[in-house]
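K.L.:
Once you've had a glance at the structure underneath, I'll fire off some questions.
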Amino acid sequence: MATQTGEKKWYTGSCHCGATRYEIKLDASNLELTKCNCSICHKRGYVLLKVPTLEDIKLISPASLQELGDYTFGTCLVHHRFCKTCAVSCLAEAKIGGEEMYTVNALSIDQDQGIELKDVKIGYVNGKAIGSLYKFEKLGPRDEPHQGGCW
Ligand SMILES: [Zn+2]
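Read left to right, the sequence shown gives residues 402 to 552 (my numbering).
What follows is the structure, encoded as structure tokens:
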């Protein structure tokens, strides 16, 4: 069954060992995925999906984000959360200017739910120049990765 544009549904996501589990509400026909050339995104290979509102994401396990590993650097505004068992990073959270924001690593969305990441043209952001993915210069979908990046 084809997904209608604008129809949001809940999808599951998890780390590799299953200790981290979440649900995210998405319009799978209209995903905006980005790769960023900043140091953490590059080394972790993140495919970023910004969660539009806090109501669109539910952490199922562990009980709180604080139970996950937490990596921060630079301004320490962004908490890169990761599973303490398998080290997979499912999401990052930030509180900037009083606003809470979540970004999911789209590669941690569970497979075989009808989301085809291969069908989404990736946008690239110049986080390296800006220093934060939350203030990024959107380069938009491109035919090739940014300098130093990869598909
Ligand atoms: Zn895990």
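Using N, Cα and C, we set each Cβ at its ideal position, and we do this for glycine too.
1) Do L508 and V448 come within 8 angstroms of each other at the CB atom, strictly closer than that value?
2) Spatial neighbours of E408 within its chain, please: C-beta separation below 7 angstroms, excluding the five flanking residues on both sides.
3) If you follow the alpha helix (DSSP H) that H443 is in, where does it begin and where does it stop?
4) So does the stretch 429 to 448 actually touch the stretch 521 to 531, counting three or more Cβ pairs closer than 8 angstroms?
5) Report whether the distance from the Cβ of D493 to the nearest heavy atom of ligand 1 is below 7 angstroms.
6) List in chain order: all unbroken beta strand (DSSP E) runs of 3+ residues lying wholly within the stretch 475 to 544.
7) Collect the residues with a C-beta less than 6 angstroms away from any heavy atom of ligand 1 and give them in sequence order along the chain.
8) Just to confirm, is the Cβ distance from G550 to H443 under 8 angstroms?
9) At the level of alpha carbons, what is the spacing between V521 and L432?
10) How about L455 and E501: are their beta carbons less than 8 angstroms apart?
11) How close, in whole Å, do the beta carbons of C418 and C487 come, if the pair is a contact with beta carbons under 8 angstroms?
P.N.:
The structure says:
1) What you label residue 448 is simply residue 47 of the sequence shown in a count that begins at 1. What you label residue 508 is simply residue 107 of the sequence shown in a count that begins at 1. Contact: yes.
2) Numbered from 1 along the sequence shown, position 7 holds the residue referred to as residue 408. These residues qualify, in order along the chain: D428.
3) For the purposes of this step, residue 443 is taken as the residue at position 42 of the sequence shown. Residues S440 to R445.
4) yes
5) Against the sequence shown, residue 493 aligns to sequence position 92. For clarity, residue 493 is Ala in the given sequence; the question names Asp instead. Flag unset: Cβ of A493 not near ligand 1.
6) 479 to 483, 492 to 497, 500 to 506, 524 to 526 and 539 to 542
7) C416, H417, C418, A420, T421, C484, T486, C487 and V489
8) By 1-based counting over the sequence shown, the position of residue 550 is 149. By 1-based counting over the sequence shown, the position of residue 443 is 42. Yes, the Cβ-Cβ distance between G550 and H443 is below 8 angstroms.
9) Numbered from 1 along the sequence shown, position 120 holds the residue referred to as residue 521. Numbered from 1 along the sequence shown, position 31 holds the residue referred to as residue 432. The straight-line gap from Cα to Cα measures roughly 7 angstroms.
10) Translated into positions along the sequence shown, residue 455 becomes position 54. Translated into positions along the sequence shown, residue 501 becomes position 100. Yes, they are a contact pair.
11) Within the sequence shown, the letter at position 17 stands for residue 418. Within the sequence shown, the letter at position 86 stands for residue 487. A Cβ-Cβ distance of about 4 angstroms is found for the pair C418 and C487, placing them in contact under the 8 angstroms criterion.
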